[in-house]
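With this note's numbering as the guide, the letters of the sequence shown map in order to residues 8 to 139. Here the structure comes first, spelled out in structure tokens, and everything after it is commentary.
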Amino acid sequence: MLINRQWKMGLGAMIGLMAVPAWVAAQIAITLTLPSAKALLYEDVIATVVIQNNSGQMLTMDSSRGPVRFWLDVERDGGRIISLRDDAPLVSAVEIMPGEVRTFGFDVPRLYAIRSQGLYKMRAGVEMNGAH
């Protein structure tokens, strides 16, 4: 099979561009950490959430309403989401300036109705204008 020279150059350029490392930054960076992978039932477990605003605009966060909403899910094995003990917002009327980093601590057993031993998963996120 004969491949023309122009096609070889185009293919070489495409492979070369794919090899160039790219740096991508999210508009909002979130880190969720726990003190340990294991805990006793009813033991205080503080989940630390770090939110960095890379969006270039001030974020006004509110858990229940507004364009930017913070959420924290606790999931039992089998996919069942554990509900919050009350309807109080996790983060209410918090403003994060562009480039600012904020740290929040959440006592998971006090906020969520975790009543039995087992494997649990946690996820944290920010919903901005309807997008996760």
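Glycine residues also receive a C-beta, built at the ideal position from the N, C-alpha and C atoms. Here the structure is a predicted model, which means the values were calculated and not measured.
- Unbroken beta strand (DSSP E) stretches of 3 residues or longer found wholly inside the segment 44–101: 53–60, 66–68, 75–83 and 87–89, given in chain order.
- Taking all protein chains in view, the Cβ of Y49 is surrounded by fewer than 16 other Cβ atoms within 10 Å, so the residue is classified as exposed.
- Annotation: A131 to P74 spans about 17 Å, alpha carbon to alpha carbon.
- Contact check for A44 against V115 fails: the beta carbons are separated by 7 Å or more.
- If the five residues before and after S62 are omitted, its C-beta is found closer than 7 Å to the C-beta atoms of Q34, I35 and P105, all from its own chain and listed in chain order.
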